[in-house]
Amino acid sequence: MRVADSDRVALADMLLGRGLGLDLGAATIRIRSDVPDLEGLLQTLYGSYRVEDGLELFDVTVKLRRAGGLRRLFRPQVELLVDAAIEFEPFPLDTPVPLLEWGVNYALASRLCCYLLLHSGVVERHGRTVLLPAMPGSGKSTLTAALALRGFRLLSDEFGVVRLSDSQLLPMLRPIALKNESIDVIARFAPQAVIGPRCHKTHKGTVAHLAPQLAHVDACHETAAPALIIFPRHDPSIALEMEPVPRARAFARLAVNSFNYEILGPDGFDALGKVVQASTCYQLRYRDLDRAVEAITELLDRAVQH
Amino acid sequence: MQLTKSDLPAHARLLLECLAEPRRSRSLRESEWDILIRSARSARLLGVLSARISRSTPAGALPERVGRQLLAGTIEARFRRQKAMYLLRAIESQLCIEGATPVLLKGAAYIVQGLAMADGRLPADVDVMVPRLALGAVERALLDAGWEFENTDPYDQHYYRAWSHELPPMKCAGQALELDLHHGILPPLGRLKPNTDALFAATIPVEGTPFRVLSPPDQVLHAAAHLFQDSDCTGRLRDLVDIDGLVRCFAERDASFWEILEKRARLHQLGRPLWYALTFGCDWLATPVPVGFLKSDRRAEPPVLTRWLVKTLVPLSLFPVAPDSAGSAKYGIACRLMEARAFWLRMPPWLVLFHSINKFFRGFRRKPVV
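Order-wise, the sequence lines are chains A and B.
Going by the numbering used here, the first residue of the first sequence is number 1, and it counts up by one from there.
Going by the numbering used here, the first residue of the second sequence is number 1001, and it counts up by one from there.
Structural data, given as C-alpha cells:
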C-alpha cells in the first residue's frame, strides 16, 4: 500500500499511534505526529512510498508535536522530537514540513556513520552516478531536481551515501527541498513535477518540497557505481562552462564538505578515495538549466563508454 | 530493601540485560532491537553495547538494519577514542614539568591501560589531575600552548577556583575534546574528603607515556564518588556500567583487590558512594561482589531513610527516558531532587545558599549579544 493510496483517516491514526514507517533506501524512518492535516502533506510528498507496516526497527524515529504553553492560543507552534529529545527550535504550526525534513536530515547525518555521508546530490543513469556536491545556495538542489525530472534516477538530493565495503552509492531518497526562486524554476522546467506547499519565512527563505517519483522510490535499494563528480555553481554571467577538476582537489572538497568524513577515519579515506578514483571531476558554471542537463548527460554517457 | 530489575521500566531492563549478557540479544524481536538501540544511544552506551555484542556474536549473524546501527556506534566510539589519544599526545610537553606528575582520570585512564571495558566508550572530555602546587604552572603552560577557557564569566571562574576540585573546562583549536584539569577528585569543601596525597602516592606509571593512573581500587572509588557524590546521577547509567566493568577487570587480575578496596574506601572516606555503586551494580548488572563485602563496613551503609530516598530516586533518574515517552512528571521531580542532593553533598549549606542566590540573580542578566 502506497502512502498516497492510504485512507486518510487511517493514516492520521497511524501518525498518532505507532507511526508511519518509510524506507528511504539506506535508512528507514518512522514519523509520528499530532499536527492537524499533516497526513495530507505526507500524501503529497511521500505519496509514492510504501507504508512500511511490517518494519519495527528504524534508524530514526521522529515525532511532530504541537507545542504547549500559552503561546498556542495566539501563535501556535510545532516542535520535533528525535526519539524523546527536542533538538531544534519550534516552527509555526502551519509549516511543519521544513521542520520535519531538516530534523530528519540532521538525525540521519549525525547517526549513520556506518556509511560515508557526502553532502551531495546524487542521480543515476545506466547504473552510473553523478555526484553533485556543493555548498548550500549554489544550485545543487535545483540541478539535482532538474536531472531527476529528465530521465535520471534520483538517489538523493542531500546525501551521497557511500557504502564502506565497496564504495557503491546507496539511495537515501527524500523529497527535494527547493528554495526561493528555484521553486518557480523547477515548476516551469517540468510542469508535471509534484511540489508541496510553499513555506514562507523559514531561515532559508521560502521552501517547497519536490515529491520523489514512483519509479525512483521503487528502486531505492538499487545501488550504483560512481562515475562523474560535478561541482555546480549557478552563475547568471556564464551560459555554460565545464572545467576539469584534479582528482586530489575533488577529494579534498568532498571530504571537507562531508557530514562524517572525520569520524570515519581511515575507512572514510579509503571509501572516498575509491569514489574519486572511479570518477571524472568537473566544475560546472551554468545559467541555463536545460543546457546544464544536456551537458551532464553527454559527459556521463561518455564516461560510461570509457 | 532489595531492588531488582523487575521494578524497572521495560526499556531500562532490556538495556541492562543486554549489557550484562550480550548473548541475550540473539533472541530479540525487531521491536525489542528498536527499543534497545534507541535507549543505548540515548544513554551514550551504543558503542559499549556494540562492542559487547560483537564479542559474542559475529557481525554477519545480525540483521542488516541492526548491524549498521551498532557499527555506527562502534565507529563513533573509535573516533572519540582517537581524539582522546591525540589530545594526550598534544599536551604531553605542557604536563611534563617539574613536580606535575600528571595522573589521567576516568575515560583517558581506561584507554591508556588498554582495559576491555573501555571498548565502545564515548569519552566526552579528558581529565588530568596534577598536584595543587603544580596547578598554576601547568595551567600557564597550557594557556601558552593555545588552550583557553570556554567560560570566562568571572563568577564561574571564581566558583571553580575557590570551591571545585578542577579548573573550568579548557578547549583548544584543532582538539575535538575538552580538557579538565583537576587537583583532586571531589570538591574540597564537600562532605567527604578523600586523601589526595595518598591518591598520588599510589599512582602507577603508564608505560611509554609520561602519564600515571590511579591505583585500581582508587579508580573504582573515584568512579563511585564521581557518580554518587559529585553528580546528580541523571542519565548517568554509563558511569555505573564503568564501575561494573572496572570491578570485574581488577578483581580478576588481583586476588587481594577486594581487601585493598575496602581499606582504601575507609582511607578516602568513600565507603558510602562505593556502597551505592556496588549495591546498584549487584542488583542491575550482576557485578560480582564477594558475599559480605557490603556489610563489612557498618559506617558505609546509609541510614534507613537515606537509603530509601536514594533507592527510590536513582532508578527514576539514572536511566534514559523511554524512547517513546517525553519524560514523566515523576522523572522531572526525581531529577530535581537528585540535583539538590548533589549540591548538598558537594558543598556546605552556606555555600549552597550563596551559590543558589548568585545563580538566581545572574539568571536575570541578559546574555551579551555577539
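Note that the Cβ used here is the ideal one computed from N, Cα and C, for glycine as well.
Taking CB atoms only, alanine 1340 (chain B) has no neighbour in chain A less than 8 Å away. The beta carbons of valine 275 (chain A) and proline 232 (chain A) sit no closer together than 8 Å.
Taking 8 Å as the CB threshold, glycine 69 (chain A) stays off the interface with chain B.
Here lysine 1359 (chain B) is exposed. Its C-beta has fewer than 16 other C-beta atoms within 10 Å. Taken through DSSP and simplified to helix, strand or coil, cysteine 281 (chain A) comes out as strand. Under the three-state reduction of DSSP output, histidine 1268 (chain B) falls in the helix class. For aspartate 34 (chain A), the number of other beta carbons within 10 angstroms of its own is below 16, and it is reported as exposed. Under the three-state reduction of DSSP, leucine 99 (chain A) is assigned to helix.
Counting C-beta atoms within 10 angstroms of its own C-beta, methionine 135 (chain A) has fewer than 16 neighbours from the protein chains shown and is therefore classed as exposed.
Residue A:Val82 holds the alpha-carbon nearest to the alpha-carbon of tyrosine 106 (chain A) among A:Ser165, A:Pro244, A:Val82.
Contacts between glutamine 1175 (chain B) and chain A, judged by CB atoms closer than 8 Å, are missing: the closest CB pair is about 13 Å apart. Counting along the chain, no beta strand (DSSP E) covers glutamate 1166 (chain B), and no H or E run does either. For aspartate 1180 (chain B), the closest Cβ of chain A is not nearer than 8 Å. Going by C-alpha positions, glutamine 277 (chain A) is about 20 Å away from phenylalanine 259 (chain A). By the Cβ test, the stretch 1291 to 1305 of chain B is not in contact with the stretch 1217 to 1230 of chain B, since fewer than three Cβ pairs between them sit closer than 8 Å. Per DSSP, the unbroken beta strand (DSSP E) holding glutamate 1178 (chain B) starts and ends at 1178 to 1182. Between threonine 1074 (chain B) and the set B:Leu1049, B:Leu1135, B:Arg1038, B:Glu1021, the nearest pair of CA atoms involves B:Leu1049. Alanine 1322 (chain B) has a beta carbon lying within less than 8 Å of a beta carbon in chain A.
CA-CA distance, serine 141 (chain A) to alanine 177 (chain A), rounds to 7 Å. With a threshold of 16 other beta carbon atoms within 10 Å, glutamine 1229 (chain B) meets it and is buried. Only buried fits lysine 1106 (chain B), as 16 or more other CB atoms lie within 10 angstroms of its CB. Judged by pairs of C-beta atoms under 8 Å, the stretch 1093 to 1103 of chain B touches the stretch 1130 to 1137 of chain B, as three or more such pairs exist.
Restricting attention to B:Leu1305, B:Ala1051, B:Ile1037, B:Ala1059, the CA atom closest to the CA of glutamate 56 (chain A) is found in B:Ile1037.
For the 8 Å CB-CB criterion, methionine 1 (chain A) and valine 62 (chain A) do not form a contact. Judged by DSSP secondary structure, glutamate 294 (chain A) falls within the alpha helix (DSSP H) whose first and last residues are 289 to 305.
At a Cβ-Cβ threshold of 8 Å, leucine 117 (chain A) and phenylalanine 159 (chain A) count as neighbours. Here proline 1216 (chain B) is buried, its C-beta having at least 16 other C-beta atoms within 10 Å.
From the listed residues B:Pro1131, B:Gly1190, B:Thr1279, B:Met1338, the smallest Cα separation to glycine 1235 (chain B) is found for B:Met1338.
Residue-level contact check: isoleucine 263 (chain A) touches chain B, since one or more beta carbons of chain B fall below 8 Å from its beta carbon. Under the three-state reduction of DSSP output, cysteine 220 (chain A) falls in the coil class, being neither helix nor strand.
In this structure, DSSP gives aspartate 7 (chain A) a state outside helix and strand, which the three-state scheme calls coil. Between isoleucine 1111 (chain B) and leucine 1353 (chain B), the alpha-carbon positions lie close to 39 Å from each other. Under DSSP, arginine 66 (chain A) shares a beta bridge with A:Val78. Going by C-alpha positions, proline 191 (chain A) is about 13 Å away from alanine 211 (chain A).
Judged by beta-carbon spacing, glycine 265 (chain A) lies within the 8 Å limit of arginine 1078 (chain B), meaning their Cβ atoms are closer than that value. For tyrosine 115 (chain A), the enclosing beta strand (DSSP E) covers residues 115 to 125.
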